[in-house]
Every structure is written in C-alpha cells, then in structure tokens.
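Notes to accompany the following structure.
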Amino acid sequence: DIQMTQSPSTLSASVGDRITITCRASQSISSWLAWYQQKPGKAPKLLIYKASGLESGVPSRFSGSGSATEFTLTISSLQPDDFATYYCQQYNNYPWTFGQGTKVEIK
Amino acid sequence: EVQLVQSGAEVKKPGESLKISCKGSAYSFSNSWIAWVRQMPGGGLEWMGSIYPGDSDTKYSPSCQGQVTISADKSISTAYLQWSSLKASDTAIYYCTRLATGGSGFDYWGQGTLVTVS
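Spelled out as structure tokens, the structure:
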C-alpha cells in the first residue's frame, strides 16, 4: 500500500495568513493526488484534483502543487471559513489511501 | 444538480447484518465509479472500496476484503454496502462518493450514514 503522510498534523494560524500543508507519498503517484476539506459533521469537499487542478467553485486562494512523492496545498490568505481539517488522497494505485489529516485551527 | 443520498442512521448489535444504500441522481449513474469511505469516531478517512455500476466491477481495500460487500443496482441508481456480521469496530460514519470524470478526485459525496454497533 502507498502511505500518505501529511505535515503538520495541526496548524495554528490567523485570518490572513498564508499556510502550506505538505503531503508525502511512500512511492511515486505521478500527479494522481487530491485534496479535501472537511468540517465537523460534514462530508469532505473536493478542493484540488490531479495535484494542481482547482475544483469548480473553489476559491482561488486555494492552490496545489507537486508531483511524484511530494505535494503541497497552499491557502494564500486564510479566511474564517477555512478553519477545518484537510486530507490528501492518492488515486494512482489501489488501495487508494488518504493522509491522516491536518487540522487548521484559529491561533 | 448531482446528488448522492444515503440511507439513515442505524443502531445494530454485534453479529447482526446490515445493508446501507446510496442513491445517485442527475447524472449517468452507470458510468461513474462509486466509492465507500469510512470515518471512525474522531478519525480520518479510509477508502473501503469502489464499484463501477455499469458492469459491477468492484475493487476492495485489503483491510475490507471479505468483511463487507459492495454492490450496485444500476436500474435504480443505487449502490450498497453490506455486512453479514457486524462488530463493534464497524462503528463509524460511512460515506459514498462519486469519482469524477477522468478520475479527477471524488467530486460529490453523500451526507454520510452513521452505523453504531453496540
């Protein structure tokens, strides 16, 4: 199985901050990586697909980059609605696997 | 608008069987993979398996293979996740989700079904 490791596990930040979350794959997954946002009690929401594709309707302050084994999700200016947990997911090889999540908290 | 609507919360005893459902609408149900994703209390997301309703091709996570059965009835645009003998460790929220065209991530999600085994 491909292991997905996110860092940090928790991130404390303020409104307006630029933040970056990293996701590392245990082997190359090309660009078959997605990022999701999940708020408490809600289903996950797709933000980024194929490492850098912005899902329709997602604000442009969200961006993704990377390939092979190292990927990042960046929020350019954190907004109150962005405090949530973020997950990466590889869909290059079965079984598809998620990172453990990064909780973005208010500082 | 594309929607995935899941069946309601369930409370079961260990050893009981269960089948939960996920009904798709406003898209060609047969032509998109549907996945089931588990989220245990306070935990992260775990892909359990996927099915292509058009031909019932099914993939399972090794940790779920033999523990659950994923199926679909394309005539009623519904996918299913079932257990023959529940365990307390099956307590979780189960989400169905659609794989976007071109494999561009899981773009639509059901509201989740809470299964409590106690």
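Protein chains in written order, with the working numbering: chain H, 1 to 107; chain L, 108 to 225. Built from N, CA and C at the ideal position, the CB exists for glycine as well.
### Distance, residue 121 of chain L Cα to residue 37 of chain H Cα
Within the first sequence, the letter at position 37 stands for residue 37 of chain H. Within the second sequence, the letter at position 14 stands for residue 121 of chain L. Each residue's alpha carbon lies about 33 Å from the other.
### Query
Terminal residues of the continuous beta strand (DSSP E) containing residue 4 of chain H?
Along the first sequence, read from residue 1 onward, the residue named residue 4 of chain H stands at position 4. Element bounds for residue 4 of chain H: 4-7.
### Query
Along chain L, in chain order, which residues have C-beta atoms closer than 9 Å to that of residue 105 of chain H?
The sequence position of residue 105 of chain H within the first sequence is 105, counting from 1. None at all; the shortest Cβ gap to chain L is about 16 Å.
### Task
For the stretch 84-95 of chain H, enumerate the residues whose C-beta is nearer than 8 Å to any C-beta of chain L, in chain order.
87, 89, 91, 94 and 95
### Message
Taking 8 Å as the threshold (C-beta atoms), are residue 143 of chain L and residue 95 of chain H in contact?
### Response
Locating residue 95 of chain H in the first sequence gives position 95, counting from the first residue. Locating residue 143 of chain L in the second sequence gives position 36, counting from the first residue. Taking 8 Å as the Cβ cut-off, residue 95 of chain H and residue 143 of chain L do not qualify as a contacting pair.
### Query
Mind pulling the chain L residues with CB within less than 7 Å of residue 73 of chain H?
Counting from one through the first sequence, the residue named residue 73 of chain H turns up at place 73. None at all; the shortest Cβ gap to chain L is about 13 Å.
#### Entry: residue 179 of chain L in three-state terms, based on DSSP
Reading the second sequence from its first residue, position 72 is the one you call residue 179 of chain L. Of the three classes helix, strand and coil, the one that applies to residue 179 of chain L here is strand, per DSSP.
### Query
Residues of chain H with a CB under 7 Å from the CB of residue 133 of chain L: which are they?
Within the second sequence, the letter at position 26 stands for residue 133 of chain L. Neighbours of residue 133 of chain L on chain H: none; closest Cβ ~15 Å, over 7 Å.
### Message
Measuring CB atoms only, is the stretch 34-51 of chain H touching the stretch 10-17 of chain H, in the sense that at least three cross pairs come out at less than 8 Å?
### Response
no
### Task
Would you tell me roughly how many angstroms separate the C-alpha atoms of residue 90 of chain H and residue 218 of chain L, rounded to the nearest one?
Position 90 of the first sequence, counted from the first residue, corresponds to residue 90 of chain H. Position 111 of the second sequence, counted from the first residue, corresponds to residue 218 of chain L. Taking the straight line joining both Cα atoms gives about 22 Å.
### Query
If you draw a straight line from the C-alpha of residue 45 of chain H to the C-alpha of residue 192 of chain L, how long is it?
If you number the first sequence from 1, residue 45 of chain H lands on position 45. If you number the second sequence from 1, residue 192 of chain L lands on position 85. Answer to the nearest angstrom: the Cα atoms are 31 Å apart.
### Query
Going along chain H in order, which residues have a C-beta closer than 9 Å to the C-beta of residue 218 of chain L?
Here the question's residue 218 of chain L lines up with position 111 in the second sequence. Under the 9 Å cutoff, chain H gives 42 and 43.
#### Entry: Nearest-angstrom Cα separation, counted from residue 139 of chain L out to residue 88 of chain H
Reading the first sequence from its first residue, position 88 is the one you call residue 88 of chain H. Reading the second sequence from its first residue, position 32 is the one you call residue 139 of chain L. The alpha-carbon atoms of residue 88 of chain H and residue 139 of chain L are separated by roughly 21 Å.
### Message
Less than 8 Å between the beta carbons of residue 216 of chain L and residue 125 of chain L, yes or no?
### Response
Mapped onto the second sequence, residue 216 of chain L falls at position 109. Mapped onto the second sequence, residue 125 of chain L falls at position 18. No.
### Task
Please determine if the stretch 4-12 of chain H and the stretch 183-191 of chain L are in contact, where contact requires at least 3 C-beta pairs separated by less than 8 Å.
no
#### Entry: Cβ neighbours of residue 212 of chain L in the same chain (closer than 8 Å, five flanking residues each side left out)
Sequence index remark: in the second sequence, residue 212 of chain L carries index 105 (1-based). Counting only Cβ-Cβ distances below 8 Å, and skipping sequence neighbours, we find 206.
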